[in-house]
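S.K.: Taking this note's numbering, the leading residue of the sequence shown gets 1051, the next gets one more, and so forth.
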Amino acid sequence: MDGKRRVSVDGEEFEVSMGKEGDYWKVEVEGKIFSIKVEGDKEGASSPRKKRGARKTKRSGVVSSSIPGKVISISVVKEDLVSEGDVIMILEAMKMQNEIQAPISGKISELNCGPGDSIEANSPLLVIEPPSDE
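#1: Do residue 1115 and residue 1173 have their C-beta atoms within less than 9 Å of each other?
#2: Mapping DSSP to helix, strand and coil, what is residue 1038?
#3: Name the DSSP bridge partner or partners of residue 1068?
#4: Is it buried or exposed, residue 1181, if we count other Cβ atoms within 10 angstroms and call 16 or more buried?
#5: So, for residue 1127: in the same chain, excluding its five sequence neighbours on each side, which residues have a beta-carbon less than 8 Å away from its beta-carbon?
What follows is the structure, given as structure tokens:
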């Protein structure tokens, strides 16, 4: 693992170690190692402080979770407009609540889950349709 970071989840701070291995990130939290794949991000998130420039490539607007969990809350409804990076829902997996951010800007075209739903790994939770002028 090549980097240590401090993260806050529901006001509780954790020190995590993380490193990129192929298409996956290995994240260690309190001695447990998780393998995470970031969908639609061809570059990965190798530098969280890296400033993002404009990108010409189209990215997927399908939002899914790589691990099973439970939907805690959803802050959008169908037809809502969202911007890339907006927190759109909170999932609980392995006793940790995770903020799920919009991978692209656009309009919510499908909403396939609701608060309290148990979700399977890799199932589509919602779909964001990019603006037609992109």
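Just so it is clear, CB atoms sit at the ideal spot from N, CA and C, and this is done for glycine as well.
M.R.: According to the structure data:
#1: As a position in the sequence shown, residue 1115 is number 65, starting the count at 1. As a position in the sequence shown, residue 1173 is number 123, starting the count at 1. If you check the CB distance, residue 1115 and residue 1173 come in under 9 Å.
#2: Because residue 1038 is not part of the residues shown, which for the chain are 1051 to 1184, the question remains open.
#3: The residue given as residue 1068 occupies position 18 in the sequence shown. DSSP, once it has assigned bridges, lists 1053, 1077 as partnering residue 1068.
#4: Taking the first residue of the sequence shown as 1, we reach residue 1181 at position 131. So residue 1181 ends up on the exposed side.
#5: Here residue 1127 corresponds to residue number 77 of the sequence shown, with the count starting at 1. Cβ contact annotation for residue 1127 (same chain, cutoff 8 Å, sequence separation greater than five): 1158, 1161, in chain order.
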